[in-house]
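One structure is given below, encoded as structure tokens.
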Amino acid sequence: MLALSCCFRIRICSYLCYPIKFCFWVICIQPTRPVPSSIERGSDFLQTGTMLSSCFLVFLSVSPVIGYVCEKTAQICETSLDIEHYLTMSSHDSLAVYPKEGKLYKYDVTNTSNADPVPKENIITGDGWEMRRLLVVANQSLPGPDIIVYEGQTVIIHVKNHLHSDTVTIHWHGLHQSGTPFMDGVPFVSQCPIESGQTFTYKFKAYPPGTFWYHSHVGSQRVDGLLGAFVTVASIVFSKPNPASSTGGGAFISI
Numbered sequence: 001m002l003a004l005s006c007c008f009r010i011r012i013c014s015y016l017c018y019p020i021k022f023c024f025w026v027i028c029i030q031p032t033r034p035v036p037s038s039i040e041r042g043s044d045f046l047q048t049g050t051m052l053s054s055c056f057l058v059f060l061s062v063s064p065v066i067g068y069v070c071e072k073t074a075q076i077c078e079t080s081l082d083i084e085h086y087l088t089m090s091s092h093d094s095l096a097v098y099p100k101e102g103k104l105y106k107y108d109v110t111n112t113s114n115a116d117p118v119p120k121e122n123i124i125t126g127d128g129w130e131m132r133r134l135l136v137v138a139n140q141s142l143p144g145p146d147i148i149v150y151e152g153q154t155v156i157i158h159v160k161n162h163l164h165s166d167t168v169t170i171h172w173h174g175l176h177q178s179g180t181p182f183m184d185g186v187p188f189v190s191q192c193p194i195e196s197g198q199t200f201t202y203k204f205k206a207y208p209p210g211t212f213w214y215h216s217h218v219g220s221q222r223v224d225g226l227l228g229a230f231v232t233v234a235s236i237v238f239s240k241p242n243p244a245s246s247t248g249g250g251a252f253i254s255i
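Set out below in structure tokens:
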């Protein structure tokens with residue numbers, strides 16, 4: 001028997017896009033009957049399909065992802081990112097945890113029926129593997145918090161480097177940085193990297209509209225968890241017929 005866990009994000013969009021995190025667990029039971037010899041001599045794909053046919057969904061959880069959403073009427077959107085190391089499968093008091101039946105328990109718990117589970121809110125489970133891995137994250141979140149603003153707004157983001165020895169910069173991938181090339185987040189090209197214990201403030205216009213992402217531009221920090229979504233909501237303008245006009249003119253409405 002094989003247990004698999006997976007978490008992913010989608011956005012539910014109406015007037016605004018709200019990020020939602022889905023988590024599910026899958027149990028795979030390998031058939032005990034012998035595999036036909038024709039399949040043994042055949043492709044691995046058929047064998048994989050036989051095993052996957054015995055997999056079924058056992059649990060699904062949905063929870064909102066905490067991020068930053070700027071007010072549509074605001075001219076300035078201001079938030080912050082605190083960069084630090086973080087261990088997966090570990091609580092705030094640095095105690096390791098392990099998963100069982102969809103819950104987390106401290107490493108020294110042997111009888112889960114008589115123990116209280118550890119709250120999941122402040123624990124990065126990663127892939128659910130019990131061996132802890134050192135990450136680089138923003139605001140103790142993997143991925144980092146979503147940043148959602150409107151086209152044309154001035155964005156101010158304070159980035160504080162809590163790493164003990166590494167420098168850091170944040171690149172806003174996909175944003176044009178027209179007029180603010182020094183806010184592009186490329187170390188030793190557009191800025192000096194942020195030293196340990198220091199804070200750098202990024203300030204730029206949210207343009208163009210679209211779904212982008214931000215990530216570290218130092219070493220391999222982005223593959224260690226320092227990344228997140230950056231969404232610029234478009235200011236849509238369309239023409240609505242004016243029934244009071246005999247010439248069929250229109251009025252412009254901005255959403």
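The UniProt record's numbering numbers the first residue of the sequence shown as 1 and each following residue consecutively. Heads up, the beta-carbon is just placed ideally off N, CA and C, and yes, glycines get one too. Nothing here was measured: the structure is a model prediction, and the numbers come from that model.
- Here the C-alpha atom of PRO187 lies approximately 15 Å from the C-alpha atom of THR199.
- In this structure the segment 201-218 touches the segment 176-184; the number of beta carbon pairs closer than 8 Å is three or more.
- Where SER80 is concerned, the enclosing beta strand (DSSP E) starts and stops at 76-87.
- The C-alpha of THR110 is placed about 12 Å away from the C-alpha of ASP116.
- The C-alpha of ILE83 lies about 20 Å from the C-alpha of VAL69.
- Contact holds between the segment 188-198 and the segment 162-172, because three or more Cβ pairs, one in each stretch, are under 8 Å apart.
- Contact annotation: LEU134 and LEU104 have beta-carbon atoms that are not nearer than 8 Å.
- Burial is judged here by how many other beta carbons sit within 10 angstroms of a residue's own beta carbon; SER178 has fewer than 16 and is exposed.
- Between the alpha carbons of TRP213 and LEU142 lies a gap of roughly 13 Å.
- Under the three-state reduction of DSSP, GLN153 is assigned to coil, being neither helix nor strand.
- SER80 has its alpha-carbon roughly 14 Å from the corresponding atom of THR154.
- Distances from the CA of GLY210 to each of ILE148, GLU101, HIS158, LYS106 were compared; the closest alpha carbon is that of ILE148.
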